[in-house]
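Novice: Sharing a structure with you now.
There are 2 protein chains.
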Amino acid sequence: MNPVTLKQIAEELNISVATVSKALKDYPDVSKKTKALVKELARTLNYKPNTFAVNLRTRESKTIGLVIPVIVHHFFSNVIKGIVAQAEKKGYLVIILQSNESYELEKKQIDLLLNQRVDGIIISLANGTADFTHLKHVLEMGKPLVMFDKIAKIVPCSKVVIDDRKAAYLATQHLIDTRCTRIAHFRGALLPQNSIDRFLGYKKALLDNGLPYDPSLVYICECDDRSFEEGQENARQLLKDHNDVDGIFINTDLVAIGAMTEFNKQGVNVPEDIAIVGFSNWFMSSVISPTLTTINQPGVQMGKAAFKRLYREIKAIKKNKPIAPKVITLETELIKRESTK
Amino acid sequence: MNPVTLKQIAEELNISVATVSKALKDYPDVSKKTKALVKELARTLNYKPNTFAVNLRTRESKTIGLVIPVIVHHFFSNVIKGIVAQAEKKGYLVIILQSNESYELEKKQIDLLLNQRVDGIIISLANGTADFTHLKHVLEMGKPLVMFDKIAKIVPCSKVVIDDRKAAYLATQHLIDTRCTRIAHFRGALLPQNSIDRFLGYKKALLDNGLPYDPSLVYICECDDRSFEEGQENARQLLKDHNDVDGIFINTDLVAIGAMTEFNKQGVNVPEDIAIVGFSNWFMSSVISPTLTTINQPGVQMGKAAFKRLYREIKAIKKNKPIAPKVITLETELIKRESTK
DNA sequence: AAAAGAATCGAAATGGTTTTCGAAATCACC
DNA sequence: GGTGATTTCGAAAACCATTTCGATTCTTTT
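Top line first, the protein sequences correspond to chains A and B. All residue numbers for the first sequence refer to the numbering used here, where the first residue is 102 and numbers rise by one. All residue numbers for the second sequence refer to the numbering used here, where the first residue is 102 and numbers rise by one.
Shown next as structure tokens:
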């Protein structure tokens, strides 16, 4: 019922609390005899150090914070999984908060985590975040910060990303290679860096191949919980606006699947009439018909990488050896399936 | 940089630490004058109580633990969202761990959380969990425990569930009402209570309507990350085994969608040849073609209810007014769509 | 003016662990 | 036996906030 303390062990053995503590941690200045006695009794009494006291003393909580825009999302839930798994390996626990794509909430969550005195924070920014003082605040407190996916280049912290621009370039190039000449783009919201980069990759691929860039072929979607419907709506609008588009590079798979559903409904054949490349390699992409060509975005891996980096920085700060921010870029690949020729 | 402490405020104002603490907490034995002074200085210095010290003193962490079989799952990620949101409202943070459907891991996670001295634990059991001593251990430590979805009836703790048996009965009845006479069932793994209950509801509906129960019409799937493929495989097998089945009640939407895909591939029409009812109301169910009739399983609501209950029990235990376990059953509904006539 | 009452404050213990530093005990060696 | 080196241990401070209880001051009443 009442947890065992060092004091109880000490009294039982008629030695001091200090010696018990040191015995359990294998300090060299405790004899083998007493070490054995202490350890034995600790085991039988099922002694577990009081985390609160340890935290207070060591000034660390062996806990990290994670702030993401949405939890119910295939990519983000994969990232969670990666972070939690990796953290557990190193004896860290993860507190998860959801910013709901709101800057205000994000600020509040960061505050909560700092108050909780987590050892570090991993974050993927809300779409609406344009001010970064709350993030700089984290760094000023001497806490490591790692951003992933939706990052802010301006914040001097480590980041885990994929080369969105390159991946988008590859995707668009693939459409061009399969004889598409008029290629549209369904892009994400305006602010997030990855949404911008994917757009730039798309544009560059067009120009590098001597194709004109036509802004009227770029459609925006918020990519929130209405993603599928946004895909349908954009597809509908596209068919109204342009009858000559033969390929689309779409910011994310769910939107792409929405678009494909709409095309299917309207008798537009994929890939014969319009070829489609998605982004993220959601598991449903390999399962619908036609299967969706897409860019693989390795969520679990990104989560693991983010924690690994955070862990290194936590250790570094502990040793007063601050570390320079590092941008870790994970490999992606184009996965060719039936939605392109 | 270095967080402000009560001591610093006290020295600045030439009063004692005790008075500062009491002033900030509006104790009646501090004059309005000093209260104002202290609060003013605390604000300008941006004082935040050291959580570690507060935890140690109050013996609570304002943190709860959550153990779920899988994070990357539409239902569970919805539950996470509900729990995290509700917890935040009450000033609680949530530590999430994944048991990976492994009993061994689940036991370890519980241990981790108890060591961390969380104020309570919410859990959905792994499929393989058949021994419950680790859960009873939580209760013996005087920590409240709430189970949801995959529960163990035998453990005397509060539970948040839906009436799986009734829901399954409704689903099957709906198939019968739409003139299905030979109805198969794709059930979940053998151990989980909800998988058993859904099977029993299916069976009872058949018998109540004078239809024979045929065990060969019941197919098992693990409902792990291969759910979609399991749906396809079971559908394939079903077509081989029986040519007279005209309806299926399927344990979960993703499996159902896999099955529908397979039927579609083989030229079997849904709902004309075979009608299908799924379970859980995954958002894709309303989006595929044909849209899937299903049972709504309110993940976010269940999460919220689970935390609310846990919160009540935490408060009760704090006041030494232990509370009797309660089973909270949330309402579900049959959502009729195109996959049934 | 004295006694009783109320208002205001602070010393100190508490929670449990970690770690420094000094003391005591043991051993080795001449 | 004395000197120095080595083991082995424990007192105590530190981490920081909370809370009890006693002490002091001020106000009121008789």
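Positions of the beta carbon are idealized from the N, C-alpha and C atoms, including for glycine.
Leaving out five residues before and five after Asn-421 (chain A) in sequence, what residues of the same chain have Cβ atoms less than 6 Å from its Cβ?
Specialist: Closer than 6 Å at the Cβ level, and outside the excluded window around Asn-421 (chain A), lies no residue.
Novice: Residues in the same chain with beta-carbon distance under 7 Å from Ile-415 (chain B), minus the five sequence neighbours each way, listed in chain order, please.
Specialist: For Ile-415 (chain B), where only same-chain residues beyond five positions count, the Cβ hits under 7 Å are Asp-220, Gly-221 and Pro-245.
Novice: With Val-261 (chain B) and Ala-407 (chain B) assumed to form a contact (beta carbons below 8 Å), what rounded beta-carbon distance in angstroms separates them?
Specialist: Confirmed, about 5 Å.
Novice: Grab me the residues of Val-185 (chain A)'s own chain with a C-beta within less than 6 Å of its C-beta, minus the 5 sequence neighbours each way, in chain order.
Specialist: For Val-185 (chain A), where only same-chain residues beyond five positions count, the Cβ hits under 6 Å are Val-195.
Novice: Below 8 Å, can you find three or more Cβ-Cβ pairs linking the stretch 137-157 of chain A to the stretch 191-206 of chain B?
Specialist: Flag = no, the stretch 137-157 of chain A and the stretch 191-206 of chain B do not touch.
Novice: Taking beta-carbon pairs under 7 Å, can you tell me which members of the stretch 137-160 of chain B lie near chain A?
Specialist: Here the close residues are Lys-149, Thr-152, Phe-153, Ala-154, Asn-156 and Leu-157.
Novice: Would a check of beta-carbon distances place Ser-178 (chain A) closer than 7 Å to chain B?
Specialist: With 7 Å as the cut-off, Ser-178 (chain A) counts as an interface residue toward chain B.
Novice: Please check if any C-beta of chain A sits within less than 7 Å of the C-beta of Arg-218 (chain B).
Specialist: Chain A contact via Cβ: present.
Novice: Looking at Asn-397 (chain A) and Ile-351 (chain A), is the spacing between their C-beta atoms short of 7 Å?
Specialist: Going by C-beta atoms, Ile-351 (chain A) is not nearer than 7 Å to Asn-397 (chain A).
Novice: Whose C-beta lies closer than 8 Å to the C-beta of Pro-313 (chain B) among residues of the same chain, with five residues either side of it excluded?
Specialist: For Pro-313 (chain B), where only same-chain residues beyond five positions count, the Cβ hits under 8 Å are Leu-307.
Novice: Give, in chain order, every unbroken run of the beta strand (DSSP E) that is at least 3 residues long and sits entirely within the stretch 272-301 of chain B.
Specialist: Entirely contained in the stretch 272-301 of chain B, the beta strand (DSSP E) runs reaching 3 residues are, in chain order, 284-288.
Novice: Please state whether DSSP places Ala-253 (chain B) in a helix, a strand or coil.
Specialist: In this structure, Ala-253 (chain B) counts as coil in the three-state DSSP scheme.
Novice: Is it buried or exposed for Asn-115 (chain A), if we count other Cβ within 10 angstroms and need 16 for buried?
Specialist: Looking at its Cβ environment, which holds fewer than 16 other Cβ atoms inside 10 Å, Asn-115 (chain A) is exposed.
Novice: Between the C-alpha atoms of Ile-172 (chain A) and Leu-355 (chain A), what's the straight-line distance to the nearest angstrom?
Specialist: If I take the Cα positions, the gap works out to 16 Å.
Novice: Taking Cβ positions only, does Phe-287 (chain B) come closer than 7 Å to chain A?
Specialist: Not closer than 7 Å to any Cβ of chain A, the Cβ of Phe-287 (chain B) fails to qualify, so no.
Novice: Who are the near neighbours of Ile-375 (chain B) in its chain, counting only those whose CB is closer than 8 Å to its CB and skipping five residues on each side?
Specialist: These residues qualify, in order along the chain: Val-346, Asp-347, Gly-348, Ile-349, Phe-364 and Val-369.
Novice: By DSSP's criteria, Phe-153 (chain A) is part of a beta bridge. Which residues make up the other side?
Specialist: DSSP lists no partner for Phe-153 (chain A).
Novice: Would you please state the rounded distance, in angstroms, between the beta carbons of Leu-167 (chain A) and Ile-223 (chain A)? I believe it to be under 8 Å.
Specialist: So it is a contact: roughly 5 Å between Cβ atoms.
Novice: Check the Cβ-Cβ distances between Leu-435 (chain A) and every residue of chain B, and say whether any is below 7 Å.
Specialist: Not one chain B Cβ lies under 7 Å of Leu-435 (chain A).
Novice: Just the chain A side, please: which residues come within less than 8 Å of Leu-213 (chain B) by C-beta, in chain order?
Specialist: Under the 8 Å cutoff, chain A gives Glu-189 and Leu-194.
Novice: Could you tell me the distance, in whole angstroms, from the CA atom of Cys-281 (chain B) to the CA atom of Cys-324 (chain A)?
Specialist: The straight-line gap from Cα to Cα measures roughly 40 Å.
Novice: What residues of chain B sit near Ser-362 (chain A), judged by a beta carbon separation below 9 Å?
Specialist: Checking the sequence, you will find Thr at residue 362 (chain A) rather than Ser. The contacting residues are Val-388, Ile-389 and Ser-390.
Novice: Ends of the beta strand (DSSP E) at Leu-431 (chain B)?
Specialist: Per DSSP, Leu-431 (chain B) belongs to the beta strand (DSSP E) from 428-431.
Novice: Flag this pair as yes or no: are the beta carbons of Ala-269 (chain A) and Tyr-303 (chain A) separated by less than 7 Å?
Specialist: Cβ atoms of Ala-269 (chain A) and Tyr-303 (chain A): closer than 7 Å.
Novice: Do you know offhand how far Lys-190 (chain B)'s Cα is from Lys-182 (chain B)'s?
Specialist: So the alpha carbons of these two residues sit roughly 13 Å apart.
Novice: Which one or two residues does DSSP pair with Gly-166 (chain B) in a beta bridge?
Specialist: For Gly-166 (chain B), which the question treats as bridged, DSSP gives the partners B:Ile-196 and B:Ile-222.
Novice: Taking the Cβ atom as the reference point for each residue, do Ser-200 (chain A) and Gln-210 (chain A) lie within a distance shorter than 7 Å?
Specialist: Cβ atoms of Ser-200 (chain A) and Gln-210 (chain A): closer than 7 Å.
Novice: DSSP on Leu-246 (chain B), reduced to helix/strand/coil?
Specialist: Residue state, collapsed to three classes: strand.
Novice: For Ser-381 (chain A), which of helix, strand or coil comes out of DSSP?
Specialist: Here Ser-381 (chain A) sits in strand by DSSP.
Novice: What residues in its chain sit with their C-beta under 6 Å from that of Phe-300 (chain A), if we drop five residues either side in the sequence?
Specialist: Once the five neighbours on either side are set aside, the close Cβ partners of Phe-300 (chain A) are Arg-288.
Novice: Helix, strand or coil for Tyr-314 (chain A) per DSSP?
Specialist: Tyr-314 (chain A) falls in the coil class under three-state DSSP.
Novice: Buried or exposed: which applies to Pro-129 (chain B), given that a residue is buried once 16 or more other Cβ atoms fall within 10 Å of its Cβ?
Specialist: Counting Cβ neighbours within 10 Å, Pro-129 (chain B) comes out exposed, since fewer than 16 surround it.
Novice: State the CB to CB distance for the pair Ile-197 (chain A) and Tyr-148 (chain A), rounded to an integer number of angstroms; the pair is presumed to be in contact (CB under 8 Å).
Specialist: 30 Å between Cβ atoms; not a contact.
Novice: Compute the distance between the beta-carbons of Pro-426 (chain A) and Ser-178 (chain A), then report whether it is under 7 Å.
Specialist: No; because the gap between Cβ atoms is not below 7 Å, this pair is not in contact.
Novice: For Lys-237 (chain A) and chain B, any beta-carbon pair shorter than 7 Å?
Specialist: Not an interface residue.
Novice: Provide the residue span of the alpha helix (DSSP H) that contains Phe-70 (chain B), from first to last.
Specialist: Outside the shown range of chain B (102 to 442) lies residue 70 (chain B), about which nothing can therefore be said.
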